Amino acid sequence: PRLEPVGMCRQCLVEIEGARRLVASCTQRVREGMRVKVYTSQDAVEGRKAVLEFLLINHPLDCPVCDKGGECPLQNQYYFFSSALSRFAEQKRRWPKPIPISENVLLDMERCVLCRRCVRFCDEVAGEPVLEFMNRGWYTQVAPFFGETFESHFSGNTIDLCPVGALTSRSFRFKARVWELTNFPSICPYCACGCNILVGQRVNDIKRVTPGVNEAVNEAWLCDKGRFDYSYTRHEGRLQAPMLRRNGIWEEVSWGEALDFVAQRLKAIVEEHGPGSVAALGSPWCTNEENYLLQRIFRGILGTNNVTTKHDAWRSHGFGSLTFEALERADVFLFFGADVIEELPIAWLRVYKALRRRGARLLLLHPRRLSVERHAALALTYPEGQELRWAQGLALAVLEAKGRHPEVERLRAILQEASEEAGRLREMAEALAQGERVILFAGKEVLHNSEAPHILAMLRTLLDLLGKGEDKDSGLVEFLPYANSRGTLDMGLWPDLLPGRRPLEEAARAAVAEVWGVDLLPAEPGLSFAQLQEAGRA
Ligand code: SF4
Ligand code: SF4
Ligand code: FES
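In this note's numbering, the protein residues as written are 3 to 540.
Structure follows, in structure tokens:
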């Protein structure tokens, strides 16, 4: 149901009363009073069996050595019709195997049943149409376009979709049988999309990562980063146990010993040099509980606001209640300093769905040309770091488009004369003004800009000017950079924010101190990671 029905494999042939021939049920819409015979029609059963025999003309049925074995729809069909002996005595089609069509995906063309799912996924779902059927008849082959490789942010999904073992994962190939895996449900640790994953492990080793189905988030897809980048779990440099350096030599110690050591050292340093001499680095890859407790120890016990992460060179309010589903309903998207397919890949799939299925319009404003430009109605580049200026320019152009307070002179000044860009910015403003449900994405370029709060405020003003400030289907999406960046804000793992994102004002400090049962909390904001590094060098 996630691809448009085309009826390629004919393995769903059924008899519908009143129809003159067997039909592929996946292409039919249910109608009132429809009577469908799946197993009770001899014709339908024979029809599916006959098609299966055709599908198996070239298929090797090498299930015992095929990665798909155990979760293969074709294997299931064959078992179901186990009496379907092949009458094909000729030589089957031969291909070199495997054919590496990308860094992650290997093609075993002998197994391909030419269902076109992989081609359609790239085109219909990912918006990266890089695969096609090449050649004709007996020699028809799935392949990237001439001279290209299967470069896509979402190539791994074709492995799941392939109904046979034709597209296989390089990292999982021959590593385990699927029934030997224990699949642990988890959340992808990379970007802030929070895709659901199943971590397939065998004998304490991760063998593969596949999508966990969650219609509200990733549906049934994953980007390639989330799917293939787990080799760090085996990196030999990973800490497996607490260690202490004694006389210059690292030694493994128990947790009790390590924690006692850290507690004593922290206490001694604070007593000697004051609370500002210690700092804690949490992580946007830690859980809320871990980050909360870390900042609580440093604020409530040691008395310092030096709590942050290595990744605090961005600032977002991180608010917004837009769901992934809301993206599908929008009719105008503006990517402002946001490379969505790189920064939040799975969100791109929702945007693309709206572009493809509902004719939504995509507007790009970014310092660089983006790979999704082919899908954009308008694309403009601006000099890096000029986000505030361009957000203001866009807001003025929207005012102008709405015939209110025309400030043409200021707009001109902002864009250094009525250049070609000014004209295109006006077109963009027109498109925004025409949208019913408008979604603005503020990406990395905005959040890493030192003027981020002003730019975000300007974008919110822009939404208000468009009359979308209160519209629940429109909104500003501020990209948070890492898996649990939002949690670091919520838990107060920032030098100037208490849990619940409360600033270090007296009333907030008093309220938190009361909950924690301590006398008072430090008022002075702590140091950012860059400042901590500087202090460390000094
Ligand atoms: S490679 Fe797999 S998904 Fe693609 S056409 Fe062949 S069988 Fe279908
Ligand atoms: S989109 Fe983000 S959360 Fe989803 S799989 Fe990719 S990196 Fe992971
Ligand atoms: S033709 Fe209907 S599932 Fe393939």
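C-beta: ideal position from N, C-alpha, C; glycine also.
All of these numbers come straight from a predicted model, not from anything done at the bench.
The shortest CA-to-CA distance from Val8 to any of Leu116, Phe481 and Ala243 is the one to Leu116.
Between Asn198 and Ile208 a beta carbon distance of about 16 angstroms is seen, past the 8 angstroms cut, so the two are scored as non-contacting. By the 16-neighbour rule on beta-carbons within 10 angstroms, Ser256 is exposed. Annotation: the continuous alpha helix (DSSP H) that includes Thr463 extends over Ala454 to Leu467. A distance criterion of 8 angstroms places the beta-carbon of Tyr192 in contact range of ligand 2, judged by its closest non-hydrogen atom. For Gly228 and Tyr192, the gap between their C-alpha atoms comes out near 6 angstroms. In the three-state scheme derived from DSSP, where H, G and I count as helix and E and B as strand, Asp207 is classed as strand. Annotation for Val38: Val16 and Ile18 place their beta carbon closer than 6 angstroms to its own, counting only its chain and skipping 5 residues before and after. Ala403 is classed as buried because its beta carbon has at least 16 other beta carbons within 10 Å across all chains shown. In this structure the segment 389-404 does not touch the segment 355-363; the number of beta carbon pairs closer than 8 angstroms is below three.
Pairing Ser476 with Ala332 gives a Cβ-Cβ distance under 9 angstroms.
For Gln143, the uninterrupted beta strand (DSSP E) segment begins and ends at Gln143 to Pro146. Relative to the non-hydrogen atoms of ligand 2, the Cβ of Gly228 comes within a distance shorter than 8 angstroms of at least one. Following the DSSP letters along the chain, one finds Gly477 inside the beta strand (DSSP E) bounded by residues Gly477 to Glu480. Taking the CA atoms as reference points, Ser233 sits about 10 angstroms from Arg210. Take Glu429, set aside five residues on each side of it, and the residues of its chain with a beta-carbon closer than 8 angstroms to its own are Leu380, in chain order. C-alpha of Gly339 to C-alpha of Leu467: approximately 20 angstroms in a straight line.
Proximity of the beta carbon of Asn220 to ligand 2 is indicated: a heavy atom of the ligand is located closer than 8 angstroms. Counting only the Cα atoms, Ala537 lies some 49 angstroms from Lys355. Only residues of its own chain outside the window of five on either side were considered, and among them Asn106, Arg210, Phe230 and Ser233 have a CB closer than 8 angstroms to the CB of Ser173, listed in chain order.
Bounds of the beta strand (DSSP E) holding Ser188 are Thr184 to Ile189. Under the DSSP assignment, His368 falls in the beta strand (DSSP E) whose first and last residues are Arg363 to His368. At a cut-off of 8 angstroms, the beta-carbon of Thr235 does not count as near ligand 1: no heavy atom of the ligand is closer than that.
Residue range Ala282 to Gly284 is occupied by the beta strand (DSSP E) that includes Gly284, with no alpha helix (DSSP H) assigned at that position. Shown here, Glu221 sits in a strand according to DSSP, grouped into three states. A Cβ-Cβ contact shorter than 9 angstroms links Lys446 with Glu345.
Taking the Cα positions, Glu92 is about 22 angstroms away from Val166. For Thr160, the enclosing alpha helix (DSSP H) starts and ends at Asn159 to Leu163. Short of 6 angstroms from the beta carbon of Asp314, and not among the five residues preceding or following it, lie these beta carbons of its own chain, in chain order: Ser530 and Phe531.
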